[in-house]
Amino acid sequence: MAETKGRFEIYDFDNFKLHVYYTNDALGDASYVIEGKNELVTMEQPLFKDNVAEFDQYVDKLGKPVVQRITDYHLGGTGSHDIIMAEGMPEFTKGSVYGGMMQGFADTFGDALTAMPTGKATEVAFGTVHTWAGVTFEFSHGAATDFPGASILIGNKVYYTHWTPAKSHAVNLQISSRAAIDGEIEEAEKSLGTSAELFIGGHGGAAERDAVKFKVAYLKKMKELLASNTTPQTFIEAMKQAYPGLPGEGGLADLAKALYTAQ
285 MAETKGRFEI YDFDNFKLHV YYTNDALGDA SYVIEGKNEL VTMEQPLFKD
335 NVAEFDQYVD KLGKPVVQRI TDYHLGGTGS HDIIMAEGMP EFTKGSVYGG
385 MMQGFADTFG DALTAMPTGK ATEVAFGTVH TWAGVTFEFS HGAATDFPGA
435 SILIGNKVYY THWTPAKSHA VNLQISSRAA IDGEIEEAEK SLGTSAELFI
485 GGHGGAAERD AVKFKVAYLK KMKELLASNT TPQTFIEAMK QAYPGLPGEG
535 GLADLAKALY TAQ
């Protein structure tokens, strides 16, 4: 089908295909379809109505039943369908932090958002492996600052975590404190220790192993520059000098504000 809002990419592995849906929404969200021989699993379905319609139409055209819908960190357009969540996440989404975030989206985007899902949420334990659509899904703890969000190794080939690694400057939503730097380094190094060939996230889409290695080196350099710069402005300039021309420079001011406020 011809997409009008977002776009799809397809990656073909030994026993499954991964369909990556770049929503092109205001939040940079990505959604996924894991296609087994006879069945489908969806992950992180879209939040905005126009994306929901496009995503659902695409899934329907694949002509296979959806046997599971996984919601890791992003409640989206699963409607009345039952969903799978990591242990602790259903309760977390009802709390003030997540609830406040969703209310902020409602205030900003209004009727463009889809209705919140009403299906039953079943929790899966960290450290467990499940097989759906003939594909394995191994759930582990995500980055410490994303708790209780999970990282998921899919078919031993694809590694999902909240943020796709990218060759760009970090944003304050991902790196909101100095502790988050260590958490993201630890998680990225953990992902490199797996057999994964492709790395995906709720924000950003798909990346290869070199992007994860870049992320680790970048965050370690960030720690060095934080230690040697006492003000946000000198830190910003040092980051620009360390990574001239790297995309995302416009977000360094907000990043520095977070890092020098929450120490």
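Okay, so the sequence shown: first residue is 285 according to the numbering used here, each after it adds one.
The beta carbon of each residue, even a glycine, is placed where N, CA and C say it ideally should be.
Source: prediction; values computed, not measured.
Over what stretch of residues does the beta strand (DSSP E) that includes residue i continue unbroken?
i: T377; result: T377 -> not in any beta strand (DSSP E); alpha helix (DSSP H) instead, spanning 373-377.
i: H303; result: 301-306
i: Q352; result: 350-354
i: D296; result: 291-296
i: I367; result: 367-370
i: A314; result: 314-319
i: M327; result: 324-327
i: H358; result: Looking at the DSSP string, H358 is not in any beta strand (DSSP E), and its letter there is neither H nor E.
i: V455; result: Element bounds for V455: n/a, residue is neither H nor E.
i: T406; result: 405-408
i: T415; result: 413-416
Where does residue i land, buried or exposed, given buried means 16+ other C-beta within 10 angstroms?
i: P330; result: buried
i: G388; result: exposed
i: Q352; result: buried
i: E375; result: exposed
i: P528; result: exposed
i: P349; result: exposed
i: E508; result: exposed
i: G433; result: buried
i: E319; result: buried
i: D538; result: exposed
i: K504; result: exposed
i: D430; result: buried
i: V496; result: buried
i: K378; result: exposed
i: I465; result: buried
i: I294; result: exposed
i: A511; result: exposed
i: G534; result: exposed
i: A450; result: buried
i: D313; result: buried
i: M506; result: buried
i: G394; result: exposed
i: G383; result: exposed
i: T545; result: exposed
Going along the chain, which residues of its own chain have a beta-carbon closer than 6 Å to the beta-carbon of residue i, five neighbours each way excluded?
i: Y305; result: G290, F292, S315, F339
i: T355; result: I367, M369
i: M327; result: Y316, I354
i: V336; result: P330, G361, T398
i: Y357; result: G433, H446, G486
Below 8 Å on the Cβ atoms is my contact criterion, and I expect residue i with residue j to pass it. Report the Cβ-Cβ distance as a whole number of Å.
i: L397; j: F483; result: No, L397 and F483 are not in contact; Cβ-Cβ is about 28 Å, not under 8 Å.
i: E471; j: A427; result: 4 Å
i: S460; j: L530; result: So it is not a contact: roughly 20 Å between Cβ atoms.
i: T448; j: A491; result: 5 Å
i: G403; j: G372; result: G403 to G372, Cβ: 18 Å. No contact.
i: A548; j: P516; result: This structure cannot speak to residue 548, because the chain is shown only from 285 to 547.
Considering residue i, what are the terminal residues of the alpha helix (DSSP H) in which it resides?
i: T392; result: 380-393
i: Y342; result: 333-346
i: D538; result: 536-545
Please list, in chain order, all residues of the same chain as residue i whose beta carbon is under 8 Å from its beta carbon, the five residues on each side excluded.
i: Y443; result: S435, I436, L437, S475, T478, A480, L482, F483, I484
i: T412; result: E422, F423
i: M285; result: Interpretation of M285 is limited by its pLDDT of 49, a score under 50 that renders its predicted location unreliable; no figure is taken from the coordinates.
i: T406; result: D366, I367, I368, M369
i: E323; result: K348, P349, V350, V351, W416, A417, G418
i: A542; result: N456, I459, S460, S461
i: N299; result: G320, K321, G418, V419, G439
i: A526; result: K505, L509
Please determine whether the Cβ atom of residue i lies at a distance below 7 Å from any heavy atom of the ligand SAH.
i: I459; result: Here there are no bound small molecules, and the ligand SAH is not part of this structure.
Does chain C have any CB closer than 8 Å to the CB of residue i?
i: E323; result: Absent here is chain C; the protein component of the structure consists of one chain.
Residues in the same chain with beta-carbon distance under 7 Å from residue i, minus the five sequence neighbours each way, listed in chain order, please.
i: A522; result: L509, N513
i: H549; result: Outside the shown range of the chain, which is 285 to 547, sits residue 549, and nothing can be said about it.
Complete alpha helix (DSSP H) runs within the segment 472-520 (minimum length 4 residues, chain order):
493-512
Which runs of the beta strand (DSSP E) fall wholly inside the segment 418-444 and span at least 3 residues, in chain order?
419-425, 434-438
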